[in-house]
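Asker: Have a look at this one before I ask anything.
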Amino acid sequence: MSINSSERLSNDPETRIRDAVAAIEPGLVAIRRDIHAHPELAFEEVRTSGIVAAELARMGIPHRTGVGRTGVVGTIEGGRPGPTIAIRADMDALPIHEETGQEFASVVPGKMHACGHDIHTTTLLGVAEVLRGLAPQLAGRVVLVFQPAEEALGGAAAMVADGVLDGVDMAFGFHNQPDMPVGRFGYVRGSTLAAADRFDLLIRGKSGHAAHPELAVDPIVAAGAFIASAQTVVSREIDPLLPAVVTIGMVHGGSAPNIIPETVELRGTVRTLHKQSRDAAEAALRRFAAGLDATHRTSSTLTYRRGVPPLINADSVLDPAIAAVARQLGDVVAEGRPSMGAEDFAEFAERVPSFQLRIGSGAPGRHDHLHNDRYQPDERCIGLGVQALSRIALDMLA
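With full-length UniProt numbering as the guide, the letters of the sequence shown map in order to residues 1 to 398.
Below you can see the structure in the form of structure tokens.
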């Protein structure tokens, strides 16, 4: 006997999730556009967190506000005992002036959701609504984490400090990917995003007339030597099979062509996927900085700050998660390559087994990039992301 779509069994998860998402998708798009038009920077997400809290209250989902300063945490209790999973979305925007010309473009000059965190926030609200309806079928608990300040790489640590991972057994993150067409999903095994460290180098010399360099100590020459040495970190200090990047993005010194300045300041970043390359890069830069003073008669101070660790996906949660996405949406998941970008979801992954899903958001005919003032993700990625993440949670808590 054939069964049409209206007669499908109510316990068919694929159909139930798909139909639930179809019913709420227009409302989710409207919320996304509202958030997009009113972007807020790191730890300023008061309006956004207010929208999140109001939506969770409407759904009857217990929640806490002010977690990690401006974060929101909701909880869905399943019908039976089981593990606790956290699903995290970030909420903050970027200090970029929007140039998309869309009718729902940012109304705040100099601020824009150019990384798609408005998409992420809305997607998790959709997951909340779907899982609320599926709660009796869940064996465990779902913690909905709406995180501030990812772009500042500080929001995750603030939420962890406020206990967001207490009792959590595993965590899931996700990010829209404009380099993947909408409808596709991706993953990376092991190290997927880089550790992000920062260094500041202040080189003190002795100012003087450019015509009499022998009477001065030139910090610009010392800075040039450090810059040249820094380029050998990756090529001569680190195993070539372990990716690493050392970039000096700021050099400031001097005010006139005929004056040797007193100081030069450099700032840079180190990105690594593995502990051994992270340690090697830091040791090399410290050694180079220490050698400047003996060679160039300068007095130098290197400040090296370790930031977020590399984001490492755990196979124990990755494998069942991508299998769940395939069950819901078909053959749409492919393995990708690591990135030297950083993501503070790594603070979660360092503490509990975790996996970050890549959700294709590339619109047909466009070639968008994150952190771009004309970024326009395909909004269909919201509903598809809700389907994928809801099915992951359902299957993980079966």
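Positions of the beta carbon are idealized from the N, C-alpha and C atoms, including for glycine.
Remember, predicted model here, so these are calculated numbers, not experimental data.
Using only alpha-carbon positions, find the residue among T263, R47, V308, H274 that is nearest to residue 452.
Answerer: The requested residue 452 does not occur in the structure, where the chain is confined to residues 1 to 398.
Asker: Can you list, in chain order, the stretches of the beta strand (DSSP E) that have 3 or more residues and sit fully within the UniProt domain "Peptidase M20 dimerisation" (199-289)?
Answerer: Fully enclosed beta strand (DSSP E) runs of 3 or longer: 244-253, 263-272.
Asker: How many whole angstroms separate the CB atoms of L165 and R351, which I take to be in contact at a CB cut-off of 8 Å?
Answerer: Here residue 165 refers to the residue found at position 165 of the sequence shown. Here residue 351 refers to the residue found at position 351 of the sequence shown. Contact holds; Cβ gap of about 6 Å.
Asker: Are the beta-carbon atoms belonging to V317 and M170 less than 7 Å from one another?
Answerer: As a working mapping, residue 317 is identified with position 317 in the sequence shown. As a working mapping, residue 170 is identified with position 170 in the sequence shown. Taking 7 Å as the Cβ cut-off, V317 and M170 qualify as a contacting pair.
Asker: Using only CA atoms, which one of G183, T298, P26, R64 lies nearest to G330?
Answerer: By one-based count along the sequence shown, residue 330 stands at place 330. Among G183, T298, P26, R64, the Cα nearest to that of G330 is on G183.
Asker: Identify which residue in M59, A152, L94 has its Cα closest to the Cα of residue 414.
Answerer: With the chain covering 1 to 398 only, the question about residue 414 has no answer from this structure.
Asker: Compare the beta carbon distance of V234 and V270 with 7 Å and say whether it is the shorter of the two.
Answerer: Here residue 234 is taken as the residue at index 234 of the sequence shown, counted from 1. Here residue 270 is taken as the residue at index 270 of the sequence shown, counted from 1. No; because the gap between Cβ atoms is not below 7 Å, this pair is not in contact.
Asker: Got a sec? Which residues, its chain only, sit under 6 Å from E14 by beta carbon, not counting five neighbours each side?
Answerer: Position 14 of the sequence shown, counting from 1, holds the residue named residue 14. Closer than 6 Å at the Cβ level, and outside the excluded window around E14, lie Q328.
Asker: Which residue marks the beginning of the beta strand (DSSP E) containing D179, and which one marks its end?
Answerer: Within the sequence shown, numbered from 1, the residue matching residue 179 stands at position 179. Note, D179: beta strand (DSSP E), 170-181.
Asker: Taking its Cβ as the centre, do 16 or more other Cβ atoms sit within 10 Å of E103, making it buried, or is it exposed?
Answerer: Stepping through the sequence shown from its first residue, residue 103 is reached at position 103. E103 is exposed by the Cβ-count criterion.
Asker: Who pairs with M112 in a beta bridge, going by DSSP?
Answerer: As a working note, residue 112 is residue 112 in the sequence shown. DSSP output for M112 lists L94 as bridge partner(s).
Asker: Give the DSSP-derived three-state secondary structure of F348 in the structure shown.
Answerer: In the sequence shown, the residue the question calls residue 348 occupies position 348. Of the three classes helix, strand and coil, the one that applies to F348 here is helix, per DSSP.
Asker: Leaving aside the five residues before and after I238 along the sequence, list all residues of the same chain whose C-beta is less than 6 Å from its C-beta, in chain order.
Answerer: Translated into the one-based positions of the sequence shown, residue 238 becomes position 238. These residues qualify, in order along the chain: A244, S277, A280.
Asker: CA-CA distance, V142 and L124?
Answerer: By one-based count along the sequence shown, residue 142 stands at place 142. By one-based count along the sequence shown, residue 124 stands at place 124. When rounded, the distance between both Cα atoms is 12 Å.
Asker: Just confirm the distance between the C-beta atoms of L273 and L242, as a whole number of angstroms; I'd bet it's less than 8 Å.
Answerer: Counting from one through the sequence shown, the residue named residue 273 turns up at place 273. Counting from one through the sequence shown, the residue named residue 242 turns up at place 242. Between the beta-carbon of L273 and that of L242 there is about 7 Å, and that keeps the pair under the 8 Å contact cut.
Asker: Indicate the three-state DSSP secondary structure (helix, strand or coil) for H38 in the structure shown.
Answerer: Within the sequence shown, residue 38 is the residue found at index 38, counting from 1. Coil, per DSSP.
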